[in-house]
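Numbering (our numbering), first residue to last: 2 to 247.
Written below as structure tokens is the structure these notes are about.
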Amino acid sequence: MRKRLAWGLGVLAFVYLALAVMVTARHAVWCDPAQAADRYLEALRKKDAAGIYLFSHMLGPHLSGMMEKSNLGAEEKKLLWAKDFNRWREEFSKAGGRGHSLDPMRREAALVASASAIEQVSPGDWRSVEYDQDGEYLASFRDVCGSVHHLYYRLAYRDARSAPPVSILENVRTARSRRIKSVVVRLEVTRRPEVGGLRALLIGWCWLDRLRAIVPAGLFARSAEPHEVWAVKLSLAVDKLKLETF
């Protein structure tokens with residue numbers, strides 16, 4: 002009886018240690034997607050070129066993914082990073098610039114920077130009408146754990162004078178001369194393209210989150226920085242039922 006008990010306890014201890022190692026390893030490479038979304042919104046609010054570049058799916062993460070597939074050395078990658086960032090920062094800072102590639106970024110910054118209140122909300126029955134080469138369709142979105150997460154934020158504006166025009170939104174074809182009173186926007190947080198292999202596998206094991214209460218992973222490893230794991234896109238296509246205007 003005692004041998005069976007000892008054997009059973011040994012098995013439980015082994016299983017616990019194995020799971021603890023997995024939870025700790027995931028903790029070291031993972032970060033809450035909401036942290037990345039919050040950081041990106043803060044960068045847009047301040048029009049912080051460095052913060053925007055780090056997180057925007059069109060900028061830093063996109064370049065990182067391209068370099069990951071190249072044969073560039075570490076120093077060459079650093080030089081390319083610096084050159085690309087300085088070029089983009091200069092273009093972004095130009096008042097009234099019309100660079101096509103930067104236009105969505107300026108629109109995102111204009112939408113967020115003038116908001117008097119920003120709060121995360123539950124999506125509810127979020128649906129947005131979007132357009133492609135075949136015409137109009139009703140889009141809906143689902144999370145894929147460790148790969149893509151959709152977060153929703155309500156932006157509110159104090160008055161019509163400070164609010165951006167409805168025309169800044171992509172999929173609203175009516176009342177475009179009016180001003181936005183409040184709107185719920187969708188942030189698409191995706192795993193950075195250079196994060197692959199074992200890191201991507203661990204990040205995708207979201208079931209390990211259920212064990213965080215019994216495994217003090219934070220005592221053994223720090224979690225990754227948001228920009229090391231995630232890229233962010235703020236969609237300018239919104240649910241019209243969640244749009245209020247002045």
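Just so you know, even glycine gets a beta-carbon here, dropped at the ideal spot from N, CA and C.
Between the Cα of Ala110 and those of Ser236, Leu199, Leu242 and Asp144, spot the shortest distance and give me the residue it belongs to.
-> Ala110 has its Cα closest to that of Ser236, out of Ser236, Leu199, Leu242 and Asp144.
N- and C-terminal bounds of the beta strand (DSSP E) containing Leu212 | Note, Leu212: premise wrong, no beta strand (DSSP E); not H, not E.
Contact between the stretch 110 to 120 and the stretch 189 to 198: three or more CB pairs below 8 Å?
-> no
Does the distance from the CB of Pro194 to the CB of Pro105 come in under 8 Å?
-> no
Buried versus exposed call for Asp160 [16 or more other C-beta atoms within 10 Å across all chains shown] = exposed
Tell me, which residues are paired with Pro166 by DSSP?
-> Arg180
Tell me the DSSP bridge mates of Thr246?
-> Ile181
Counting only the same chain and skipping the five closest in sequence on each side, list residues whose C-beta sits under 7 Å from that of Asp144.
-> His150 and His151
By how many angstroms is the C-alpha of Val12 removed from the C-alpha of Val233?
-> 42 Å
So Lys234 is in the alpha helix (DSSP H); what residue range does that whole segment cover?
-> It is not in any alpha helix (DSSP H) - Lys234 instead sits in the beta strand (DSSP E) that spans Trp231 to Ser236.
Between Gly66 and the rest of its own chain, which residues show a CB-CB distance below 8 Å, the 5 nearest in sequence each way excluded?
-> Closer than 8 Å at the Cβ level, and outside the excluded window around Gly66, lie Arg193, Pro194 and Glu195.
Does the stretch 121 to 137 come close enough to the stretch 47 to 54 that 3 or more CB-CB pairs lie under 8 Å?
-> no
Helix, strand or coil: which one does DSSP assign to Arg90?
-> helix
Tell me which same chain residues have a C-beta within less than 7 Å of the C-beta of Pro227, skipping the five on either side of it?
-> Cys32, Gln36, Ala37 and Arg40
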